[in-house]
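Notes follow once the structure below has been shown.
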Amino acid sequence: LSLDNLNVNNTGGYVSIPLLLSIICLVAILIRSAVLERSSIVITGGIMESPENELLYLKENPKAIFFTDFDGTITLKDCNDYLVDNFGFGMEMRRKLEMEVMKGHMAFRDAFHAMLQSVQMPLADCLRIVQDNIQLDPHFLDFYYWAKGCNIPIVVLSSGMTPFITMLLESVLGSNPENIFVVANDVEPHSFGNKTTGSGWRIKYRDDSAFGHDKSLEIKPYFGLPSGNCPLLFYAGDGVSDLSAASQTHVLFAKEGLDLVDHCKERGIPFIPFDNWSSILDTMQGIYEGLSRAGITGYSNVV
242 LSLDNLNVNN
252 TGGYVSIPLL
262 LSIICLVAIL
272 IRSAVLERSS
282 IVITGGIMES
292 PENELLYLKE
302 NPKAIFFTDF
312 DGTITLKDCN
322 DYLVDNFGFG
332 MEMRRKLEME
342 VMKGHMAFRD
352 AFHAMLQSVQ
362 MPLADCLRIV
372 QDNIQLDPHF
382 LDFYYWAKGC
392 NIPIVVLSSG
402 MTPFITMLLE
412 SVLGSNPENI
422 FVVANDVEPH
432 SFGNKTTGSG
442 WRIKYRDDSA
452 FGHDKSLEIK
462 PYFGLPSGNC
472 PLLFYAGDGV
482 SDLSAASQTH
492 VLFAKEGLDL
502 VDHCKERGIP
512 FIPFDNWSSI
522 LDTMQGIYEG
532 LSRAGITGYS
542 NVV
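Okay, so the sequence shown: first residue is 242 according to my numbering, each after it adds one.
The structure is reproduced here in structure tokens:
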């Protein structure tokens, strides 16, 4: 199921929230004809880690699964951009590399690796700087508690690094947050050029794809489930790292004014624009109410 099936005028990929809300009642009916795909998880430091090929997000029989980017989507600022702009080779070079990725001239993994390698500081210092300067969107907490109460698992799919993500999430949600999972890249020791102090580090990519972490691979096992076994799938993102996941869910939220919106418009991918998690919550509540009115109680009877 995609927004194309809802007969909404999505010229340029733009779907307004009022239009989506007006078709809430149709969503429950149309999902009954969907055939889907998706999978997997990861959060450490008290959040959660899961083996591959295990559809853990279906464990509690949810009506929906909400996949989301982290940096710049859940957070107010991208922590990687903050490090590169202030302690690496700067914003101008970062944006130049991002444009090369958008044009298809450079792989995201190569561009992102170059950005992070320009930040030649010990990992502990980077973590401290991020903790002092990066905040979560305050409305995300409202969404988190609503989703938890409605049995909608939140799956963070990030091209960032697990230590940074878990640190920021746990600083707000506590050391054992429930109903939230993280799949992200990691870090590994690495010397900075001729420096052999032992404090160097580099990103350790999750897979061998051009993205370094192909987010769509985490979603496809769910999207490809047999008819009758798949919940409604959502994704929220903002930038270049979300390109692989942009067309893989039923409903896509794209942050206004950023690269993912441009990508969706260029490729005709339907999306719902958002400024913050307050607007996402409003839309999700309407959709959830539509599913409830249709008598859909979990993934086993969605289709």
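Each residue gets a CB set at the ideal place from its N, CA and C atoms; glycine is no exception.
Worksheet item: Is the number of C-beta pairs between the stretch 445-458 and the stretch 369-376 that are closer than 8 Å three or more?
Response: No, the stretch 445-458 is not in contact with the stretch 369-376.
Discussion item. Checking the sheet assignment: what are the DSSP bridge partners for G478?
Written reply: Position 237 of the sequence shown, counted from the start, is the residue given in the question as residue 478. Residue pairing for G478: DSSP places it in a beta bridge opposite A495.
Practice prompt. Assuming M347 contacts D500 (C-beta within less than 8 Å), just tell me the rounded distance between them.
Written response: Locating residue 347 in the sequence shown gives position 106, counting from the first residue. Locating residue 500 in the sequence shown gives position 259, counting from the first residue. So it is not a contact: roughly 14 Å between Cβ atoms.
Practice prompt. Could you tell me which residues DSSP pairs with R443 in its beta bridges?
Written response: By one-based count along the sequence shown, residue 443 stands at place 202. E429, per the DSSP bridge assignment.
Worksheet item: A425: which of R443, R447, M408 and N417 sits nearest, CA to CA?
Response: Reading the sequence shown from its first residue, position 184 is the one you call residue 425. Answer by Cα proximity: R447.
Practice prompt. Can you grab the Cα-Cα spacing for the pair D523 / G531, in whole Å?
Written response: Residue numbering aside, residue 523 sits at position 282 when the sequence shown is read from its first letter. Residue numbering aside, residue 531 sits at position 290 when the sequence shown is read from its first letter. Approximately 13 Å between the Cα atoms of the pair.
Practice prompt. Kindly identify the DSSP beta-bridge partner or partners of M402.
Written response: Working through the sequence shown from its first residue, we reach residue 402 at position 161. Partner(s): N426.
Practice prompt. Below 8 Å on the Cβ atoms is my guess for F308 versus Y476; work out the distance and round it to an integer in Å.
Written response: By 1-based counting over the sequence shown, the position of residue 308 is 67. By 1-based counting over the sequence shown, the position of residue 476 is 235. So it is a contact: roughly 5 Å between Cβ atoms.
Worksheet item: Taking the DSSP output, what are the residues bridged to I421?
Response: Indexing the sequence shown from 1 puts residue 421 at position 180. Answer by DSSP bridge pairing, in chain order: I395.
Practice prompt. Below 6 Å CB to CB, which residues in the same chain sit around F512 once its five sequence neighbours on both sides are set aside?
Written response: Position 271 of the sequence shown, counted from the first residue, corresponds to residue 512. Taken in chain order, the residues that qualify are G254, L493, A495 and C505.
Worksheet entry | Delimiting residues of the alpha helix (DSSP H) encompassing T524 | Stepping through the sequence shown from its first residue, residue 524 is reached at position 283. From DSSP, the alpha helix (DSSP H) with T524 extends over W518 to R534.
Worksheet item: If you follow the beta strand (DSSP E) that F452 is part of, which residue opens it and which one closes it?
Response: Locating residue 452 in the sequence shown gives position 211, where the first residue counts as 1. For F452, there is no enclosing beta strand (DSSP E), since its DSSP letter is neither H nor E.
Worksheet item: Around the Cβ of Y386, are there at least 16 other Cβ atoms within 10 angstroms (buried) or fewer (exposed)?
Response: To locate residue 386, count along the sequence shown from 1; it is residue 145. The residue is exposed, with fewer than 16 neighbouring Cβ atoms inside 10 Å.
Worksheet item: If you run the structure through DSSP and keep just helix, strand and coil, what is T252?
Response: Within the sequence shown, numbered from 1, the residue matching residue 252 stands at position 11. The predicted model places T252 with a pLDDT of 40, which falls under 50 and marks its position as unreliable, so this point remains unresolved.
Worksheet entry | Straight-line Cα distance separating R350 from K450 | Mapped onto the sequence shown, residue 450 falls at position 209. Mapped onto the sequence shown, residue 350 falls at position 109. Looking at the sequence provided, one finds Ser at residue 450 rather than Lys. Cα to Cα, the separation comes out at about 8 Å.
Item to complete: Assign S432 to one of two classes, buried (16 or more other C-beta atoms within 10 Å of its C-beta) or exposed (fewer than that).
Response: Numbered from 1 along the sequence shown, position 191 holds the residue referred to as residue 432. With fewer than 16 Cβ atoms within 10 Å of its Cβ, S432 is classed as exposed.
Fill in: V360 beta carbon less than 7 Å from that of C405
Reading the sequence shown from its first residue, position 164 is the one you call residue 405. Reading the sequence shown from its first residue, position 119 is the one you call residue 360. Here residue 405 turns out to be Phe, not Cys, going by the sequence shown. No, they are not a contact pair.
Item to complete: Measure how close the beta-carbons of L409 and T316 come, nearest whole angstrom, since I'm counting them as under 8 Å.
Response: Start at 1 with the first residue of the sequence shown, and residue 409 comes out as number 168. Start at 1 with the first residue of the sequence shown, and residue 316 comes out as number 75. About 7 Å; that satisfies the 8 Å criterion.
Worksheet item: By how many angstroms is the C-alpha of N392 removed from the C-alpha of E301?
Response: Stepping through the sequence shown from its first residue, residue 301 is reached at position 60. Stepping through the sequence shown from its first residue, residue 392 is reached at position 151. Rounded to the nearest angstrom, the two C-alpha atoms are 7 Å apart.
Discussion item. So for A388, helix, strand or coil by DSSP?
Written reply: For the purposes of this step, residue 388 is taken as residue 147 along the sequence shown, with counting starting at 1. Correct three-state label for A388: helix.
Worksheet item: DSSP puts T316 in a beta bridge; with which residues?
Response: On the sequence shown, residue 316 is found 75 positions in, with the first residue counted as 1. T316 pairs with L377.
Worksheet item: Which of the three DSSP states, helix, strand or coil, is assigned to L473?
Response: The count along the sequence shown starts at 1 and reaches residue 473 at position 232. Judged by DSSP in its simplified three-state form, L473 adopts strand.
Worksheet item: To the nearest angstrom, how far is it from the Cα of S440 to the Cα of Q358?
Response: Taking the first residue of the sequence shown as 1, we reach residue 440 at position 199. Taking the first residue of the sequence shown as 1, we reach residue 358 at position 117. The straight-line gap from Cα to Cα measures roughly 13 Å.
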